[in-house]
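Report on the following structure.
Residue numbers (the working numbering): 519 to 890.
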């Protein structure tokens, strides 16, 4: 049987939440029925390259749109034309117009615009203005819409399209087998990091304004005032990392903050944490809150995270208008420990188990082809 050919256009490869979720889906789709290539602006990552080689699929690297939008669109057009893809699925949020223009010029009849982000004018004014200006354009060349949550779908494609069922929700599903709380793993990771007897506050996210790292540091300072035996671990990298390290030094808490960089054992590191802190100024969903709930790790997040991410009692929310002291007080509610039950039935019920989610995505792709 001839395979369905799909091109996923990801954008820059940062190995963040979007890239990780996309790779999760790729590992679990039926490769006997679907051939799926990936296209990146700039270089891809060896994790993608190696995984796709195993299945005989390809990664393409085109000129970054920031360097030359016209050249980038032309290169996408040529790749789509030569690949003769059944579906082109673009995941660049408000920027989807540009890769989908290349896809249309290349002859792709089915073009999905996918959104996994929103905006915040107060905290990221310039970036958010650009998003709001481009938002109407991301619908123009798409034949179909998709999003990681109803909130993200409504933001990009409108309430009416959501109400009419014209937005496919593709859950940020995970492999639950990788997220099983294990006391032995917890002790092992805490030993490796030298935090066996500490109250551990953790965060996973790129060092960008959206993730609100300065507020994280301010909150942790208040936590440490009350519980001096606390430690903060920060996982990820990004453009603001040096600035945050400097801020930590200014606060004189460098001995209590661990910068771990990019890690591929987040599922285990979360088990070493006591509380997960996530005060983002906006999110399309917040993948890490799904992951933290999967290992029954209490999280304290901002009210800018879509409520639909809450599937268990382990997810709590506070307003960004609340003081550092209020956030610290909430975090310290969990300093005496708590029971970490198996939450997988809750995540499965809500569609966040990767195997069944991958089957659902396959059916979605096939339905588009059959209806075209």
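We put the beta carbon where it would ideally sit given N, CA and C, even for glycine. For clarity, every value in this text was computed on a predicted model and none was experimentally measured.
Between the CA atoms of residue 742 and residue 849 - distance to the nearest angstrom = Translated into the one-based positions of the chain shown, residue 849 becomes position 331. Translated into the one-based positions of the chain shown, residue 742 becomes position 224. Answer to the nearest angstrom: the Cα atoms are 11 Å apart.
For residue 690 and residue 808, believed in contact at Cβ under 8 Å, the rounded distance | Position 290 of the chain shown holds residue 808. Position 172 of the chain shown holds residue 690. Rounded, the Cβ-Cβ distance is 6 Å, consistent with contact.
Cα-Cα separation between residue 827 and residue 839, rounded to whole angstroms = Within the chain shown, residue 827 is the residue found at index 309, counting from 1. Within the chain shown, residue 839 is the residue found at index 321, counting from 1. So the alpha carbons of these two residues sit roughly 21 Å apart.
Under the DSSP definition of a beta bridge, which residues are partnered with residue 607?
-> Translated into the one-based positions of the chain shown, residue 607 becomes position 89. Its beta-bridge partners are 526 and 630.
Taking only heavy atoms of the ligand PLP into account, decide whether any of them is closer than 7 Å to the Cβ of residue 530.
-> In terms of ligand content, the structure shown is empty, and the ligand PLP therefore cannot be addressed.
Tell me, please, whether the segment 781–793 touches the segment 664–684 by the rule of three or more beta-carbon pairs shorter than 8 Å.
-> Touching, no.
Closest by C-alpha distance to residue 855, when choosing among 665, 698 and 815 | Taking the first residue of the chain shown as position 1, residue 855 is located at position 337. Comparing Cα positions, the closest option is 815.
Taking contact to mean at least 3 C-beta pairs separated by less than 8 Å, is the segment 521–529 in contact with the segment 557–564?
-> With a cut-off of 8 Å, the segment 557–564 and the segment 521–529 count as touching, because enough Cβ pairs lie within range.
Are the CB atoms of residue 598 and residue 621 nearer to each other than 8 Å?
-> Sequence index remark: in the chain shown, residue 598 carries index 80 (1-based). Sequence index remark: in the chain shown, residue 621 carries index 103 (1-based). In this structure, residue 598 sits near residue 621, with a CB-CB distance shorter than 8 Å.
Distance, Cα to Cα, residue 841 vs residue 708?
-> Locating residue 841 in the chain shown gives position 323, counting from the first residue. Locating residue 708 in the chain shown gives position 190, counting from the first residue. Rounded to whole angstroms, residue 841 to residue 708 spans 30 Å at the Cα level.
Can you tell which of 799, 735, 722 and 866 has its C-alpha closest to the C-alpha of residue 693?
-> Against the chain shown, residue 693 aligns to sequence position 175. Comparing Cα-Cα distances from residue 693 to each of 799, 735, 722 and 866, the minimum goes to 866.
What span of residues does the beta strand (DSSP E) with residue 591 cover, start to end?
-> As a first step, residue 591 is located in the chain shown; it is residue number 73 there, counting from the start. Where residue 591 is concerned, there is no enclosing beta strand (DSSP E), although the alpha helix (DSSP H) it sits in stretches over 587–601.
What does a CB cutoff of less than 7 Å around residue 769 pick up in its chain, not counting 5 residues either side in sequence?
-> In the chain shown, counting from the first residue as 1, residue 769 sits at position 251. So the list reads 735 and 739, once near-sequence residues are dropped.
Cβ distance (whole Å) where residue 818 is taken to contact residue 836 below 8 Å = The residue given as residue 818 occupies position 300 in the chain shown. The residue given as residue 836 occupies position 318 in the chain shown. Going by Cβ atoms, the distance from residue 818 to residue 836 rounds to 6 Å, so yes, they are a contact pair.
Measuring alpha carbon to alpha carbon, tell me which of 568, 605, 562 and 586 ends up nearest residue 521.
-> Locating residue 521 in the chain shown gives position 3, where the first residue counts as 1. When only C-alpha atoms are compared, the closest one is 605.
In the DSSP assignment, what residue or residues form a beta bridge with residue 705?
-> As a position in the chain shown, residue 705 is number 187, starting the count at 1. Partner(s): none; residue 705 has no beta bridge.
Is residue 594 near residue 624, with beta carbons less than 8 Å apart?
-> For the purposes of this step, residue 594 is taken as the residue at position 76 of the chain shown. For the purposes of this step, residue 624 is taken as the residue at position 106 of the chain shown. The answer is yes: Cβ separation under 8 Å.
Distance CB(residue 603)-CB(residue 523) smaller than 8 Å = Here the question's residue 603 lines up with position 85 in the chain shown. Here the question's residue 523 lines up with position 5 in the chain shown. It is a contact, given that the beta carbons lie within the stated cut-off.
Reference residue 651, options 636, 663, 665 and 547, closest by Cα = Residue mapping note: residue 651 aligns to position 133 of the chain shown, counting from 1. When only C-alpha atoms are compared, the closest one is 636.
Contact check, residue 679 vs residue 669, beta carbons under 8 Å | Numbered from its first residue, the chain shown carries residue 679 at position 161. Numbered from its first residue, the chain shown carries residue 669 at position 151. Result no, Cβ atoms of residue 679 and residue 669 do not sit closer than 8 Å.
Could you check where the beta strand (DSSP E) with residue 751 kicks off and where it finishes?
-> Position 233 of the chain shown, counting from 1, holds the residue named residue 751. 748–753 is the extent of the beta strand (DSSP E) around residue 751.
Exposed unless 16 or more other CB atoms sit within 10 angstroms - verdict on residue 760 = Position 242 of the chain shown, counted from the first residue, corresponds to residue 760. Exposed, since its Cβ has fewer than 16 Cβ neighbours within 10 Å.
Could you tell me which residues DSSP puts in a beta bridge with residue 577?
-> Reading the chain shown from its first residue, position 59 is the one you call residue 577. In the DSSP secondary-structure assignment, residue 577 is bridged to 556.
CB-CB under 6 Å to residue 748, same chain, minus the five flanking residues each way: which ones, in chain order?
-> The residue you call residue 748 lines up with position 230 of the chain shown. Cβ within range, chain order: 717, 741 and 742.
Where does residue 893 fall in DSSP's three states?
-> Outside the modelled stretch of the chain, which goes from 519 to 890, sits residue 893, for which no answer is possible.
Of the residues 569, 699, 626 and 696, the one placed nearest residue 537, counting alpha carbons only = Looking up residue 537 in the chain shown gives position 19. Closest in alpha carbon position to residue 537, among 569, 699, 626 and 696, is 569.
With distances taken from CA atoms, which of 592, 610, 589 and 587 is nearest residue 540?
-> Position 22 of the chain shown, counted from the first residue, corresponds to residue 540. If you compare the alpha carbons of 592, 610, 589 and 587 with that of residue 540, the shortest gap goes to 610.
So, helix, strand or coil for residue 691, using DSSP?
-> Indexing the chain shown from 1 puts residue 691 at position 173. Residue 691 falls in the coil class under three-state DSSP.
Inspect the beta-carbon positions of residue 562 and residue 548 and report whether they are closer than 8 Å.
-> Working through the chain shown from its first residue, we reach residue 562 at position 44. Working through the chain shown from its first residue, we reach residue 548 at position 30. The answer is no: Cβ separation not under 8 Å.
For residue 886, count neighbouring C-beta atoms within 10 Å of its own C-beta (all shown protein chains included) and say buried if the count is 16 or more, exposed if not.
-> Reading the chain shown from its first residue, position 368 is the one you call residue 886. Answer is buried; the Cβ neighbour count reaches 16.
Sort out for me which residues DSSP pairs residue 819 with in a bridge.
-> Counting from one through the chain shown, the residue named residue 819 turns up at place 301. DSSP, once it has assigned bridges, lists 796 and 835 as partnering residue 819.
Check whether the Cβ atoms of residue 631 and residue 653 sit closer than 8 Å, and answer yes or no.
-> Locating residue 631 in the chain shown gives position 113, counting from the first residue. Locating residue 653 in the chain shown gives position 135, counting from the first residue. With respect to residue 653, residue 631 sits apart: the two C-beta atoms are not nearer than 8 Å.
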